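Engineer:
Protein chains in written order, with our numbering: chain E, 1 to 525; chain W, 526 to 742.
1) Would you grab the beta carbon distance between residue 606/W and residue 648/W for me? Rounded to a whole angstrom, and I think it's under 8 Å.
2) Would you say residue 681/W reaches chain E, if we count a Cβ-Cβ gap shorter than 8 Å as a contact?
3) Closer than 6 Å by C-beta to residue 133/E: which residues in its own chain qualify, once you throw out the five before and the five after it? Chain order, please.
4) Got a sec, what are the start and stop residues for the alpha helix (DSSP H) residue 276/E sits in?
5) Mind pulling the chain E residues with CB within less than 8 Å of residue 639/W?
6) Quick one: does residue 677/W have its CB under 8 Å from some CB of chain E?
7) With a 10 Å radius around its C-beta and 16 neighbouring C-beta atoms as the bar for buried, classify residue 540/W as buried or exposed.
8) For chain E, is any of its Cβ atoms less than 8 Å away from the one on residue 597/W?
9) Considering just the uninterrupted stretch of the alpha helix (DSSP H) at residue 661/W, what are its terminal residues?
10) With a threshold of 8 Å on Cβ separation, who are the neighbours of residue 687/W within its own chain once the five nearest residues in sequence on each side are excluded?
11) Considering residue 475/E, what are the terminal residues of the beta strand (DSSP E) in which it resides?
12) Do you know offhand how far residue 260/E's Cα is from residue 331/E's?
13) Measuring straight from C-alpha to C-alpha, what distance separates residue 281/E and residue 31/E?
14) Flag this pair as yes or no: are the beta carbons of residue 411/E and residue 390/E separated by less than 8 Å?
15) To test your reading of the DSSP string, which unbroken beta strand (DSSP E) runs of 3 or more residues are found completely within the segment 583-618 of chain W?
16) Take every Cβ of the segment 213-220 of chain E, pair it with every Cβ of the segment 417-427 of chain E, and state whether three or more of those distances are shorter than 8 Å.
17) Among 658/W, 714/W, 675/W, 707/W, which one has its Cα closest to the Cα of residue 628/W?
18) Report back the beta-carbon spacing between residue 93/E and residue 119/E to the nearest angstrom; my notes put them in contact at under 8 Å.
19) Would you mind stating whether residue 504/E and residue 417/E have Cβ atoms separated by less than 8 Å?
20) Residues in the segment 541-555 of chain W with C-beta within 8 Å of chain E's C-beta atoms, listed in sequence order?
21) Using three-state DSSP, classify residue 53/E as helix, strand or coil.
22) Return the chain-ordered list of same chain residues with a C-beta closer than 6 Å to the C-beta of residue 487/E, the five sequence neighbours on each side being excluded.
23) Quick check for students: name the residue ranges of the beta strand (DSSP E) that lie wholly in the segment 412-467 of chain E, counting only runs of 3 or more.
24) In the DSSP assignment, what are the bridge partners of residue 586/E?
25) Output yes if chain E places a C-beta closer than 8 Å to the C-beta of residue 579/W; else output no.
26) Out of 641/W, 637/W, 622/W, 700/W, point me to the one whose CA is closest to residue 630/W's CA.
27) To the nearest angstrom, how far is the alpha carbon of residue 676/W from that of residue 690/W?
28) When DSSP labels each residue in this structure, what does residue 311/E get in the three-state scheme?
29) Short of 7 Å in beta carbon distance, which residues of its chain neighbour residue 231/E, apart from the five on each side in sequence? Order them along the chain.
30) Could you check where the alpha helix (DSSP H) with residue 237/E kicks off and where it finishes?
31) Run down chain E in chain order and give the residues with a C-beta less than 9 Å from the C-beta of residue 713/W.
32) With 16 other CB atoms within 10 Å as the buried threshold, where does residue 139/E fall?
33) Report yes or no: is there a C-beta of chain E within less than 8 Å of the C-beta of residue 617/W?
34) Name, in chain order, the residues that DSSP records as bridge partners for residue 93/E.
35) Mark residue 293/E as exposed unless 16 or more other C-beta atoms lie within 10 angstroms of its C-beta, in which case mark it buried.
36) Contact criterion: CB-CB distance below 8 Å. Does residue 463/E meet it with respect to chain W?
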């Protein structure tokens, strides 16, 4: 606890006169409303912290709200929360002009809770599109009944995207929400006066399913189904983060064998996710054979998962207290052999891809997210690590089996499509190596322990394939969910996506999008 | 410079012979189709070696497209709130192992050119309009295939202010393919049913084991 005590003192020095306490899970700061912005800036600039999540919920008793701004210190592995109870009707100072990573969190809270923010350049028309939803709707307020249809409607076809480019002959080119192939629903407005994209906006939440709202009042088991299904492509990671939050306040010690197996499955999911991203990237440049070969590897991993666990996307495996999967030694041997084979195929494909100049021409110096921009937006996951950021929750806030088995965390500095391609392959290698290490050192014992139903709240996190994901869970003593909030890597990275499009030609839009490897379902929720 | 042509020729034919021959690999048929921890796995694979029947007709189904469409069908996909796992499975239907194109079924970019509308997701409020417009833009005869538990009855989301609770709440549906997510072979079976290449005679003929998630409250 040396580092922790040291940081507690350091924070007291940085923020004199503030109430600072150690809750065990995190260090909690309770500044007055007026000092919120200063406190957050101090944490980021003097404390070297990263922004994690912003959770709003109704106060247990009475009117008003509780806001928790979560940060983490990556070198010291400490979670820090700013705890801020506010009265109903209070105006919050926006922290997102200095801390850009919080911007979409604040926009979401303004839209869904109706909490006003001061100092934010544009609010509204975010989750709830002005074209279809009536004004002044706040579905996350407790009294809002999700089962009742909403009366009233939005402005309809009168809605027009904001135009940023003021130039003679400039046009706004819409891409989406329905695409020519299997892409997910979402609208990108590309502004140009000729060939290049000068400005662009991502309009998400066409797939808003209100999962956080419908989770309210449900049993924790039922919300676990939502946690797996709202995104699907990183189902295990989100189930893992959700279960970690639940286990944290239930004081449940997950058995060692389950910890190791959870890490194995999480890494298997990462390999599959990256293989699918690479297949899309090859496909976006019309490299059909490369795409097909990568898809074959993806299908091989899916079949392996289906054969071993009964589900191709690892649904229903991670449960509170451990795992619902107890593999026999023969099954683990199959996993080891197949992983070896998959690694070989992917290494071979990487050699082929980096020796295809027509492919490299399309991704080199394409969709560059400069390191300073990546820092500004606080991007996470492989996209961040391809832009020189050293952000990975497996190392910054180690959990489960990663405490003793820190994987190799590759990094590239260019931030272009080629850097992301190399990074995906490097992460696949690191993950397969870790899976093999864990398989050879797998502890014996049970894979599940009892997880008692208690009232409480906690933050659970994992490094999902696309980056860090934070699940805030608050339950009552009947095992019902009062508040569940998900901070997804998808939302964080889509926020910065338009910066990678600046100056790109139209035909490169798909390539840049594929190289980011982001899920819309994950950010829309 | 990598020689992709030679590489692919050396690899040879990679397409399964399914559904004519029973060579779907083990993991291609998930034992727990709906992804539930305690899902009842009735029979993993029929002893005769046949693939499971995934697709089912709805009560209001118009049946398959007329005979002349059988080997030339154009499909339009609309995402109305599908999860990433389903999108992942969908992307694999024209990958080498499954190779949708050998059935004469192709994905098209324009609804004007489409005979089958493939829909996934519980139909979110924002996608209701685009879905309706797509359906209305399609020429007759047309069929709708709803894939995934969410598209059938809303799945885990059910029916609420944000989700319509299934495709049938918005447009008429002819075939459903349950599963969360349905595997690529099941999605293809749904398209084959709409094309008339796979016979689903009885609306009650649903051999799908386990109930979609939405029913297990």
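Note that CB positions come from ideal geometry on N, CA and C, so glycine has one too. Just so it is clear, the structure is predicted and the values come from calculations on it, not from any experiment.
Structural biologist: Inspection of the coordinates gives the following:
1) Translated into positions along the second chain, residue 606/W becomes position 81. Translated into positions along the second chain, residue 648/W becomes position 123. Confirmed, about 7 Å.
2) As a first step, residue 681/W must be located in the second chain, where it is residue number 156. It does; some Cβ of chain E falls within 8 Å.
3) The residue you call residue 133/E lines up with position 133 of the first chain. Once the five neighbours on either side are set aside, the close Cβ partners of residue 133/E are 154.
4) Mapped onto the first chain, residue 276/E falls at position 276. Element bounds for residue 276/E: 256-284.
5) Position 114 of the second chain holds residue 639/W. The contacting residues do not exist; residue 639/W stays about 12 Å from chain E at best.
6) To locate residue 677/W, count along the second chain from 1; it is residue 152. Closer than 8 Å: no.
7) For the purposes of this step, residue 540/W is taken as the residue at position 15 of the second chain. Under this definition residue 540/W is an exposed residue.
8) Stepping through the second chain from its first residue, residue 597/W is reached at position 72. No, residue 597/W does not count as interfacial toward chain E.
9) The count along the second chain starts at 1 and reaches residue 661/W at position 136. Looking at the DSSP string, the run of the alpha helix (DSSP H) that includes residue 661/W is 650-662.
10) Your numbering for residue 687/W matches position 162 in the second chain. If we look at residue 687/W and ignore the five residues flanking it on each side, its Cβ neighbours are 649, 650.
11) The residue you call residue 475/E lines up with position 475 of the first chain. Residues 467-475.
12) The residue you call residue 260/E lines up with position 260 of the first chain. The residue you call residue 331/E lines up with position 331 of the first chain. Those two C-alpha atoms are separated by around 15 Å.
13) As a position in the first chain, residue 281/E is number 281, starting the count at 1. As a position in the first chain, residue 31/E is number 31, starting the count at 1. Going from the Cα of residue 281/E to the Cα of residue 31/E covers about 46 Å.
14) Residue mapping note: residue 411/E aligns to position 411 of the first chain, counting from 1. Residue mapping note: residue 390/E aligns to position 390 of the first chain, counting from 1. The answer is yes: Cβ separation under 8 Å.
15) 598-604
16) no
17) Counting from 1 along the second chain, the entry for residue 628/W is found at position 103. Checked all of 658/W, 714/W, 675/W, 707/W; the closest Cα to residue 628/W is 714/W.
18) For the purposes of this step, residue 93/E is taken as the residue at position 93 of the first chain. For the purposes of this step, residue 119/E is taken as the residue at position 119 of the first chain. That belief holds up - the Cβ atoms of residue 93/E and residue 119/E are roughly 6 Å apart, short of 8 Å.
19) Your numbering for residue 504/E matches position 504 in the first chain. Your numbering for residue 417/E matches position 417 in the first chain. In this structure, residue 417/E does not lie closer than 8 Å to residue 504/E by Cβ.
20) 550, 551, 552, 553, 554, 555
21) The residue you call residue 53/E lines up with position 53 of the first chain. Residue 53/E falls in the strand class under three-state DSSP.
22) Reading the first chain from its first residue, position 487 is the one you call residue 487/E. The answer, listed in chain order, is 53, 470.
23) 456-464
24) This structure gives no information on residue 586/E, because the portion of chain E shown stretches from 1 to 525.
25) As a position in the second chain, residue 579/W is number 54, starting the count at 1. Judged by the 8 Å Cβ criterion, residue 579/W is not in contact with chain E.
26) For the purposes of this step, residue 630/W is taken as residue 105 along the second chain, with counting starting at 1. If we check each option's Cα against that of residue 630/W, 641/W comes out closest.
27) The count along the second chain starts at 1 and reaches residue 676/W at position 151. The count along the second chain starts at 1 and reaches residue 690/W at position 165. Looking at the two C-alpha atoms, the distance is approximately 7 Å.
28) Within the first chain, residue 311/E is the residue found at index 311, counting from 1. It is coil, neither helix nor strand.
29) For this step, residue 231/E is matched to residue 231 along the first chain. Closer than 7 Å at the Cβ level, and outside the excluded window around residue 231/E, lie 238, 519, 521, 522.
30) Residue numbering aside, residue 237/E sits at position 237 when the first chain is read from its first letter. Unbroken alpha helix (DSSP H) run through residue 237/E: 235-249.
31) Position 188 of the second chain, counting from 1, holds the residue named residue 713/W. By Cβ distance, chain E contributes nothing, its closest Cβ being about 13 Å from residue 713/W, past 9 Å.
32) For the purposes of this step, residue 139/E is taken as residue 139 along the first chain, with counting starting at 1. That one is buried.
33) Reading the second chain from its first residue, position 92 is the one you call residue 617/W. Closer than 8 Å to some Cβ of chain E, the Cβ of residue 617/W qualifies, so yes.
34) Here residue 93/E refers to the residue found at position 93 of the first chain. DSSP lists 118/E as partners of residue 93/E.
35) Translated into positions along the first chain, residue 293/E becomes position 293. When all chains shown are included, residue 293/E counts as buried.
36) As a working note, residue 463/E is residue 463 in the first chain. No, because no Cβ of chain W sits closer than 8 Å to the Cβ of residue 463/E.
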